[in-house]
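Per this note's numbering, the sequence shown runs over residues 20 to 187. Even for Gly, the Cβ is constructed at its ideal location relative to N, Cα and C. Please read the structure below before turning to the comments.
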Amino acid sequence: MPYRSDMHLILVFELLVLIGVANAAPLLLKRAAGNTLAAPLDGGVTLADGRPLLGASKTIRGVAASLVVTIVLAVLMGLGWKLGAVVAFAAMAGDVLSSFVKRRLGIPPSGMALGLDQIPESLLPFAAAALLVPLSLLDVLLGTAIFFVASLVVSRLLFKLRVRDEPY
């Protein structure tokens, strides 16, 4: 089948949907379940700097929710479970990385760090997905930029709907 640019843009859009769901699933489950089964991913470890490794807002439940929901959605979208798993795992890895850096910088859990809150959790899944599907460097960068802007807009909307505690 010859290459079609419109199919390529559809793939980037589908990945944006998966990445958005991967990042939203933990938040939505937290709203629905409260603190039930919310064991911290870092086990409550505090480093020599006196700050938590990640913080209590990063939970095993959240990572599991992201993996399950993203895999199911990827299968329903016809993209396959492997792509769903890769996207979810990479999104959570990006989120964990940004949390680790924010704690080292003294930014509290749920504290705003423009760019650091959006880029790793979108750049890593786009880059990882490029190992399984045809994405160019431009696709990865464009998808990350779109996610960056969209996440700021959606975060404010979710705050107004009282799904998020902060507008960012």
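Residues of its chain near residue i, where Cβ-Cβ distance is below 6 Å and the 5 sequence neighbours each way are ignored
| i | result |
| --- | --- |
| Ala75 | Pro59 |
| Gly81 | Pro45 |
| Val31 | Asp158 and Gly162 |
| Leu142 | Thr163 |
| Val64 | Leu72 |
Counterpart residues of residue i in DSSP-defined beta bridges
| i | result |
| --- | --- |
| Thr78 | Pro59 |
| Thr163 | Paired residues: none, contrary to the question. |
| Thr65 | Pro71 |
Proximity winner among the options, relative to residue i (alpha-carbon distances)
| i | options | result |
| --- | --- | --- |
| Pro128 | Val115, Ile138 and Leu92 | Val115 |
| Leu28 | Val172, Val64, Val173 and Val152 | Val152 |
| Leu161 | Ile138, Gly103 and Leu171 | Ile138 |
| Tyr187 | Leu154, Asp158 and Ala132 | Ala132 |
| Leu135 | Leu30, Phe145, Ala107 and Phe119 | Phe119 |
| Leu34 | Met111, Thr89 and Gly113 | Thr89 |
| Pro144 | Thr163, Ser155 and Gly130 | Thr163 |
| Ala109 | Leu86, Leu95, Leu176 and Gly97 | Leu86 |
| Val106 | Ile79, Ala57, Ile165 and Glu140 | Glu140 |
| Thr55 | Ile79, Leu72 and Ile165 | Ile79 |
Same chain only: Cβ atoms within 8 Å of residue i, ignoring 5 sequence neighbours per side
| i | result |
| --- | --- |
| Arg70 | Arg122, Arg123 and Gly125 |
| Val168 | none |
| Leu92 | Val36, Leu37, Val40 and Gly103 |
Span of the alpha helix (DSSP H), counted from its first residue to its last, around residue i
| i | result |
| --- | --- |
| Asp184 | From DSSP, Asp184 is part of no alpha helix (DSSP H); its letter is neither H nor E. |
| Ala107 | Trp100 to Arg123 |
| Leu143 | Pro139 to Ala148 |
Cβ shell of residue i (< 7 Å), same chain only, five flanking positions each side left out
| i | result |
| --- | --- |
| Ala84 | Ala44, Pro45 and Leu48 |
| Ala146 | Val159 |
| Leu98 | Glu33 |
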